[in-house]
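Scroll down for the structure; my scribbles are underneath it.
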Amino acid sequence: MERVLTPCEETSKPSHVKIHEYQAKQLFREAGIQVPTGHVVATPAEAGAAFEALGQPLAVVKAQIHAGGRGKGGGVKLVRSAQEARQAAEAILAKPLVTPQTSAEGQPVKTLLVEEGCDIEHEYYVGITLDRGLGRPVLMASTEGGMDIETVAAETPEKILKVSIDPSGGLAAWQARSLAYGLGLPAEAIKPACQLFGQLTQLYLDKDASLMEVNPLVLTKDGGLLALDGKINFDSNALYRHPDVVEMRDLDEEDPRESKAAEAGLAYIALDGTIGCLVNGAGLAMGTMDTIQLAGGSPANFLDVGGGATAEQVSAAFKIILSDPKVRAILVNIFGGIMKCDVIADGIIAAASETKLSVPLVVRLEGTNVERGRELLETSGIDVITASDLADAAAKAVECAGASS
Ligand code: GDP
Ligand code: MN
Numbered sequence: 002m003e004r005v006l007t008p009c010e011e012t013s014k015p016s017h018v019k020i021h022e023y024q025a026k027q028l029f030r031e032a033g034i035q036v037p038t039g040h041v042v043a044t045p046a047e048a049g050a051a052f053e054a055l056g057q058p059l060a061v062v063k064a065q066i067h068a069g070g071r072g073k074g075g076g077v078k079l080v081r082s083a084q085e086a087r088q089a090a091e092a093i094l095a096k097p098l099v100t101p102q103t104s105a106e107g108q109p110v111k112t113l114l115v116e117e118g119c120d121i122e123h124e125y126y127v128g129i130t131l132d133r134g135l136g137r138p139v140l141m142a143s144t145e146g147g148m149d150i151e152t153v154a155a156e157t158p159e160k161i162l163k164v165s166i167d168p169s170g171g172l173a174a175w176q177a178r179s180l181a182y183g184l185g186l187p188a189e190a191i192k193p194a195c196q197l198f199g200q201l202t203q204l205y206l207d208k209d210a211s212l213m214e215v216n217p218l219v220l221t222k223d224g225g226l227l228a229l230d231g232k233i234n235f236d237s238n239a240l241y242r243h244p245d246v247v248e249m250r251d252l253d254e255e256d257p258r259e260s261k262a263a264e265a266g267l268a269y270i271a272l273d274g275t276i277g278c279l280v281n282g283a284g285l286a287m288g289t290m291d292t293i294q295l296a297g298g299s300p301a302n303f304l305d306v307g308g309g310a311t312a313e314q315v316s317a318a319f320k321i322i323l324s325d326p327k328v329r330a331i332l333v334n335i336f337g338g339i340m341k342c343d344v345i346a347d348g349i350i351a352a353a354s355e356t357k358l359s360v361p362l363v364v365r366l367e368g369t370n371v372e373r374g375r376e377l378l379e380t381s382g383i384d385v386i387t388a389s390d391l392a393d394a395a396a397k398a399v400e401c402a403g404a405s406s
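Heads up, the sequence shown is in the numbering used here, so the first residue is 2 and it goes up one at a time.
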C-alpha cells in the first residue's frame, strides 16, 4: 500500500527502527529465502487453532518482542499438540518476558508466532551489518550459530567468517562460495547457501537495513536450509524510502521517552543511571557523561538539546527527564553559544513551574548572556544549585543523587 509519511512519522523515530521476527520473515519470504510456515496469533485459543492448521507433529510458539535472547527467557516453546500450544501461549502471554536483552522488568508480549517445527541438523549464524571502519556492509557467518553467538564473538572471533560487500555491486559469487565452503556445508547445501547469502545481501541493500541477522540459519535433517529466526534493523534516515517498513513499526516496543524526544527534535538516549542530563551539543553531552562517571555517578540519559534550542524544547527535555523514575538529580550543562543562557534559564523556569520539580537540580551555565541567565534563575524562586564549572557540577549532582536515593 502506497502511503506518504506524515511529518510526525518523519521526525518521531529513533536512529534505528526495529521490526518483529514475523515481519522480518515476511520480507525474507518475499526475497525468496526459505522460512518455516507460520501463523501470527494473539490468544491461547488462536495458538491452538494455528497448531491444527499447521497439521505437523511439532510446532514452535514464539514471543514477538523486539529484544532477542527469547529462547533463554522462556519465550520460545516447542509444542506437540493443540493443547500444548494453548498452554505455551498462555504462559508466554501471562507476564512480561525477561531476556538477557530486555530490562529487568521485561517486555510485555502481545503477539505470538506459531510455526511448524523442524528437525535441526546444525545451527549456523549469518549476519550483515555496516562495518564503519571499512565503510562497507560486511557479511558474517559462523558454524557456531544458535543462542550464544555473543560469546563466540567475544572469545573465539576466528570462528566468524567475514566478507566485505561492495554496496553498488552486491555480494560477488566467489564471496558467497568462500563463505559456504568455509562453513563446511555438505555438498548439496552449497548452492542453496550461496543463493541465500546473495538474497540476504540484496534485501539488506534494497531496504536500507543497518543490521540483518539469521540466527539460527538451520540445516535440517533432510538437507534443507531454513531461516529459523530473523532480525532486521533499518537506518531511520532512509525510512522515507520505505513506507512498507514504516507500516511495520510497533511503537509499544519503542522507548516512549525516546519517541517523545524525537517528536520535540531532541537527541535522547535512555541509560541506566540516576543523573538526568540536559546538555547542548553532542560532544559536550558525552563530556558531561564522562565527568559524571569520573565523579562516581552514572548518567540516566544522553540528551542533546542542540545548538539552537528554543525555550519550548528545553521545557520538553525537562519533562522527559522528569518522567524517568530512575532520575535522582538533574544536571543542566549549557554552553551558551548560538543558544543564549537566558533562553535556557527561561526554559528551565517554565518547565520547573509546569511540572513539579521532584529532584535536586544542578545548573552550570557559561557563555552568551550568562549573567542574565543566572539572575533569572536566582530570582525565579525555584530551587537551583549553581555550579562554577563542569567538575563542580558533576560532583554536586553525584552528591545530590546519592543523598536523595
Ligand atoms: P532467540 O532466542 O530470541 O534468538 O530465538 P530463536 O528464534 O533463535 O530461537 C531460540 C532457539 O530455539 C533456536 O536457537 C533453536 O535452538 C530453538 N528452536 C527454534 N525453532 C525450533 C524448531 O523448529 N525446532 C527445534 N528443534 N528447535 C527450535
Ligand atoms: Mn535467534
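For glycine and all other residues, C-beta sits at the position ideal for the given N, C-alpha and C.
Please read these numbers as outputs of a predicted model, since none were measured by experiment.
On the CB-based measure, 16 or more other CB atoms within 10 Å of its CB, does residue i come out buried or exposed?
i: residue 37; result: buried
i: residue 404; result: exposed
i: residue 384; result: exposed
i: residue 174; result: exposed
i: residue 138; result: buried
i: residue 84; result: exposed
i: residue 389; result: exposed
i: residue 87; result: buried
i: residue 237; result: buried
i: residue 241; result: exposed
i: residue 44; result: exposed
i: residue 357; result: exposed
i: residue 248; result: exposed
i: residue 155; result: exposed
Measure the Cβ-Cβ separation of residue i and residue j and say whether it is below 7 Å.
i: residue 128; j: residue 148; result: no
i: residue 55; j: residue 117; result: yes
i: residue 70; j: residue 100; result: yes
i: residue 126; j: residue 216; result: yes
i: residue 218; j: residue 228; result: yes
i: residue 98; j: residue 74; result: yes
i: residue 172; j: residue 134; result: no
i: residue 179; j: residue 160; result: no
i: residue 301; j: residue 275; result: yes
i: residue 231; j: residue 26; result: yes
i: residue 194; j: residue 186; result: yes
i: residue 90; j: residue 48; result: yes
i: residue 24; j: residue 68; result: no
i: residue 66; j: residue 108; result: yes
Starting from the Cα of residue i, find the closest Cα among the options and give me that residue.
i: residue 293; options: 80, 181, 24, 401; result: 401
i: residue 122; options: 75, 47, 342, 225; result: 225
i: residue 322; options: 63, 221, 352, 295; result: 352
i: residue 382; options: 399, 346, 372; result: 346
i: residue 196; options: 376, 387, 386, 35; result: 35
i: residue 279; options: 113, 316, 247; result: 316
i: residue 120; options: 349, 291, 222; result: 222
i: residue 359; options: 328, 376, 344; result: 328
i: residue 364; options: 243, 247, 386, 268; result: 386
i: residue 342; options: 61, 378, 320, 203; result: 378
i: residue 409; options: 210, 261, 272; result: Residue numbering for the chain in the displayed model covers 2 to 406; residue 409 lies beyond these limits and cannot be assessed.
i: residue 165; options: 157, 362, 131; result: 131
Rounded to the nearest angstrom, how far is the Cβ of residue i from that of residue j, given a contact under 8 Å?
i: residue 31; j: residue 114; result: No, residue 31 and residue 114 are not in contact; Cβ-Cβ is about 17 Å, not under 8 Å.
i: residue 282; j: residue 336; result: 7 Å
i: residue 253; j: residue 19; result: The pair is not a contact, with the Cβ atoms about 12 Å apart (cut-off 8 Å).
i: residue 398; j: residue 348; result: With a Cβ gap of about 19 Å, residue 398 and residue 348 do not count as contacting.
i: residue 325; j: residue 258; result: 6 Å
Comparing the C-beta of residue i with each C-beta of chain B, is any distance below 7 Å?
i: residue 85; result: Of the protein chains in this structure there is only one, and it is not chain B.
Assess contact between the region 323-341 and the region 379-399, defined as three or more Cβ pairs (one per stretch) separated by less than 8 Å. Is contact present?
Yes: the two stretches touch, three or more of their Cβ pairs being nearer than 8 Å.
Does the structure place the region 299-309 close enough to the region 367-385 that three or more beta carbon pairs sit under 8 Å?
no
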